[in-house]
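The structure appears below as C-alpha cells.
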Amino acid sequence: MPTIPAPANPVSPSLIATLPGRYYTDPGIFRREQERLFEAMWMCAVRSADLASPGAFRTVRIGRESVLVVRNRTGELRAFLNVCRHRGARLCTEEAGEVRRSLQCPYHAWTYGLDGRLVAAPNLVRMPDVDRTAYGLVKVALREWLGYAWVCLADEPPSFEETVVGAAVERLGDAAAIEHYGAERLALGKRVTYDVRANWKLIVENFMECYHCATIHPELTEVLPEFADGYAAQYYVGHGAAFGADVKGFTVDGGEGFGRLPDVADEQDRRYYAVTVKPTVFVNLVPDHVILHRMFPLAEDRTTVECDWLYAPEVVESGADVSRSAELFHRVNVQDFAACERTQPAMASRAYREGGVLVPTEHHIGIFHAWVVRQLGGAQG
Ligand code: FES
Ligand SMILES: [Fe+2]
Numbered sequence: 099m100p101t102i103p104a105p106a107n108p109v110s111p112s113l114i115a116t117l118p119g120r121y122y123t124d125p126g127i128f129r130r131e132q133e134r135l136f137e138a139m140w141m142c143a144v145r146s147a148d149l150a151s152p153g154a155f156r157t158v159r160i161g162r163e164s165v166l167v168v169r170n171r172t173g174e175l176r177a178f179l180n181v182c183r184h185r186g187a188r189l190c191t192e193e194a195g196e197v198r199r200s201l202q203c204p205y206h207a208w209t210y211g212l213d214g215r216l217v218a219a220p221n222l223v224r225m226p227d228v229d230r231t232a233y234g235l236v237k238v239a240l241r242e243w244l245g246y247a248w249v250c251l252a253d254e255p256p257s258f259e260e261t262v263v264g265a266a267v268e269r270l271g272d273a274a275a276i277e278h279y280g281a282e283r284l285a286l287g288k289r290v291t292y293d294v295r296a297n298w299k300l301i302v303e304n305f306m307e308c309y310h311c312a313t314i315h316p317e318l319t320e321v322l323p324e325f326a327d328g329y330a331a332q333y334y335v336g337h338g339a340a341f342g343a344d345v346k347g348f349t350v351d352g353g354e355g356f357g358r359l360p361d362v363a364d365e366q367d368r369r370y371y372a373v374t375v376k377p378t379v380f381v382n383l384v385p386d387h388v389i390l391h392r393m394f395p396l397a398e399d400r401t402t403v404e405c406d407w408l409y410a411p412e413v414v415e416s417g418a419d420v421s422r423s424a425e426l427f428h429r430v431n432v433q434d435f436a437a438c439e440r441t442q443p444a445m446a447s448r449a450y451r452e453g454g455v456l457v458p459t460e461h462h463i464g465i466f467h468a469w470v471v472r473q474l475g476g477a478q479g
C-alpha cells in the first residue's frame with residue numbers, strides 16, 4: 099500500500115486550498131449544480147444569426163432539459179421546453195432544422211405555432227373545452243446579448259444586467275468597453291465543437307489562470323509575452339494583455355490579422371481581454387475579432403464546448419482566409435482541454451481527496467470556488 103500523504107492543508111500563506119476532488123466526480127454534486135446553476139442562471143444557448151429565418155430552430159441542452167429556440171413569424175426568437183404537452187414526446191429530435199409554419203409532434207401530431215400555442219391536434223374540434231393556450235409549449239425566458247440568445251429556466255430569472263452584463267463590466271471596468279467590439283453585428287468565421295472529458299469547473303479554473311501559459315501555450319505566449327509570467331489578463335480589472343512588440347496580429351504566427359473593428363478604442367488596440375461570464379461562458383476580445391466559448395456540461399466528467407470565431411461581416415463575406423487567425427485560439431483550446439482531461443481522472447484519486455492548492459497567481463480561482471459553494475447552498479459532503 100502506498101503511503102497517503104497528509105491532506106493538503108497549506109500553512110504557507112502563498113498557498114490556498116482548492117475544492118476537494120469530489121466536486122469534480124460526484125454525480126450528486128453535479129445534479130445540484132444542474133439545479134442551482136445551469137437551471138437557475140442565464141445560459142448562452144444559440145448564436146442568433148444561426149436562426150436566420152422564421153421557422154429556423156435549434157435544440158440545446160440546458161441543465162437536464164432540452165430547450166428549443168426558434169425564430170417566430172415576426173422575426174423574434176422564442177424558447178420553449180422541447181417537450182410535447184400531450185404525453186411528453188420530445189418535439190424536435192434534431193439539433194437544428196427549419197419548419198415552415200409550425201412544429202408538429204411526431205407521436206400523435208399535436209401541432210404548435212412558432213409562438214408555442216397549440217394550433218391543431220387530431221380530433222381537437224371534438225374537445226371544445228380544451229383551452230389551446232393552456233396546452234401550448236412551456237415558455238423559457240430568453241434575452242439577446244452579443245448576438246446570442248441567452249435562456250433561463252428559472253420561473254423568476256435573476257437580473258440579466260447584474261449576472262451577465264455585469265460580469266463584463268466588472269472585468270473590463272467599463273460598461274461600454276465590450277460594446278466597442280459590436281459582437282452582435284459580427285459574422286461567424288469559424289466554429290469548433292469540442293467534446294471535453296472533464297468537469298466544467300476544471301475548464302473554468304483553467305481559463306481563469308495563466309500559470310500554465312508558459313508550459314502549454316507556446317504560440318499564445320509568443321503573441322502575448324506577459325502571459326509567460328503566469329499572470330492572466332483577467333487578474334486586473336480593466337487590464338488587457340499587450341501584444342508583443344513584433345506581433346502584427348492575433349494569429350497563430352503573430353502575422354497580420356484583419357482591420358481593427360470600427361468602434362474598438364485606441365487603448366483597446368493591440369490588446370487581448372478575457373471575460374468569464376459565470377457559469378459557462380468565456381468571451382475573448384482582440385482588435386479584429388471576438389472568440390466566444392459556450393459550455394454545455396453533460397455530466398460530472400464531460401462537457402461540450404462550442405467555440406465561435408466572429409469577424410467583421412465584410413471579412414467573412416469576402417471569403418478571406420481566417421484560418422491563421424482562428425488557429426491560434428483553436429490551439430489554445432486543444433492545449434487547455436488536454437490539460438483539463440489530464441486532471442479529471444485524478445480528481446477521483448485518494449491523493450486529491452482533500453483537494454490541491456492554488457498559488458498566488460491562481461488565488462482568484464478561490465473566489466470562484468467560494469461562489470460555487472455559495473450557489474450550491476454550502477459545502478457538499
Ligand atoms: S406526445 Fe406529442 S402528440 Fe402525443
Ligand atoms: Fe490556457
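This note's numbering applies: residue 99 is where the sequence shown begins, and numbers increase by one. Even for Gly, the Cβ is constructed at its ideal location relative to N, Cα and C.
Taking every protein chain shown into account, the CB of residue 253 has fewer than 16 other CB atoms within 10 angstroms, so this residue is exposed. The set of residues whose C-beta lies within less than 5 Å of a heavy atom of ligand 1 reads, in chain order, 182, 184, 185, 187, 203, 205, 206, 208.
With a threshold of 7 Å, the Cβ atom of residue 430 counts as near ligand 2, since some heavy atom of the ligand is closer than that.
Residue 274 and residue 372 have their alpha carbons spaced roughly 15 Å apart. Comparing C-alpha distances from residue 456 to each of 248, 377, 116 shows the shortest one belongs to 116.
In the DSSP annotation of this structure, the continuous segment of the alpha helix (DSSP H) that includes residue 434 starts and ends at 421-441. Per the coordinates, the alpha-carbon of residue 130 lies some 25 Å from the alpha-carbon of residue 263. For residue 468, the enclosing alpha helix (DSSP H) covers residues 461-473.
In this structure, residue 118 and residue 453 form a Cβ contact; the two beta carbons are roughly 4 Å apart against a cut-off of 8 Å.
Each of 287, 160, 233 was checked against the Cα of residue 410, and the nearest Cα belongs to 287.
Following the DSSP letters along the chain, one finds residue 163 inside the beta strand (DSSP E) bounded by residues 163-169. Residue 242 has 247 as its beta-bridge partners, per DSSP. Proximity of the beta carbon of residue 304 to ligand 2 is indicated: a heavy atom of the ligand is located closer than 7 Å. For the options 132, 281, 317, the alpha carbon positioned closest to that of residue 383 is the one of 281.
The shortest CA-to-CA distance from residue 438 to any of 294, 233, 426 is the one to 294. Taking C-alpha positions only, residue 236 is separated from residue 302 by approximately 31 Å.
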